[in-house]
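Undergrad: Before I ask anything, here is the structure I am working with.
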Amino acid sequence: MHEQELRKHRCCFTGHRPEKLNISEEQLCVRLGQEIDQAIEDGFTTFISGMAKGVDICAAELVLKRRVSDARLKLICALPYENFGLHWSTSWTDRYVEVIRHADLVRCISQEFSYSTYQRRNEWMVDHSGRVIAVYTGESGGTRNTIAYAKQQHIPCVIITP
C-alpha cells in the first residue's frame, strides 16, 4: 500500500499536558474514548501518539485497551528524541514505559534533545495521518501549532474542548 492509502487509516493525537487541562483524567478518557471509537467506526485502525504526559499517554492507553478485543488496531509511538519520557514522576514514567512496551512501532524523530524536535515530531505525526484528534483549550503551544499545521496540510481535526 502507498503512503497516501495508509494515511486514510491512520489517526494521531495532540493535546495538552495534565496541568493545562480543566477536566479530570477520567473525564478526559471518556471524551477521548468516544472519539477513538468514532475513528475506528470511520475506518481508522492505526493510531499515533506523541507520548507526552496527559492526552498523548491517555489516548495510547485507550487504544491498547481496545486492541485487546480488536486485533486490527495498531499503536505507533512517535518520540521527539531518544529517552524522552524517562525523567518524569514515577507514575507517568511507568505508564510511558508500559505503553512503549506494548506499541506496535516506536519511532524516534531525533537521537538528541532540542526544542525543535517536538515540532518535528508533531509534523511527522500529521504527515502520516488522515485525521487528528486534539484536546485543545485555546492556549498557545505545541497543540495549537499541531492543529495549525494539520489545517495547513488539509488534514481534518476533531477538537475536544475540555
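Everything in the sequence shown is counted per this note's numbering, starting at 2 for the first residue and increasing by one.
Quick reminder that beta carbons are idealized off the backbone N, C-alpha and C, glycines included.
Pop quiz: H10 and L65 are said to be a contact at Cβ under 8 Å. What is the actual Cβ separation, rounded to whole angstroms?
TA: Not a contact, Cβ separation roughly 18 Å.
Undergrad: Pick from I49, E113 and P163: whose alpha carbon is nearest that of N84?
TA: Out of I49, E113 and P163, E113 has the C-alpha closest to the C-alpha of N84.
Undergrad: Identify every run of the beta strand (DSSP E) within the region 3-58, keeping only runs that are complete inside it and at least 3 residues long; order them along the chain.
TA: Here the runs fully enclosed are 11-16 and 47-50.
Undergrad: Tell me whether P72 sits in a helix, a strand or coil according to DSSP, three-state version.
TA: First, the amino acid is wrong: residue 72 is Ala here, not Pro. Coil.
Undergrad: When the Cα atoms are used, what is the spatial distance from K75 to R68?
TA: Roughly 7 Å separates the two Cα atoms.
Undergrad: Whole angstroms are fine: how far does the CA of I58 sit from the CA of V100?
TA: Taking the straight line joining both Cα atoms gives about 8 Å.
Undergrad: Could you check how far apart the C-beta atoms of G44 and L22 are, in whole angstroms? I think they sit under 8 Å.
TA: The pair is not a contact, with the Cβ atoms about 29 Å apart (cut-off 8 Å).
Undergrad: Can you give me the C-alpha to C-alpha distance between G142 and Q120, rounded to a whole angstrom?
TA: Approximately 10 Å between the Cα atoms of the pair.
Undergrad: Check L87 in the structure and name its three-state DSSP category.
TA: Looking at L87 - three-state DSSP - the assignment turns out to be coil, as it is neither helix nor strand.
Undergrad: Taking H3 as the reference, give the member of I156, S130, E26 and G16 with the closest Cα.
TA: Among I156, S130, E26 and G16, the Cα nearest to that of H3 belongs to S130.
Undergrad: For the beta strand (DSSP E) containing I1, name the first residue and the last one.
TA: No answer is possible for residue 1: it lies beyond the span of the chain, which begins at 2 and ends at 163.
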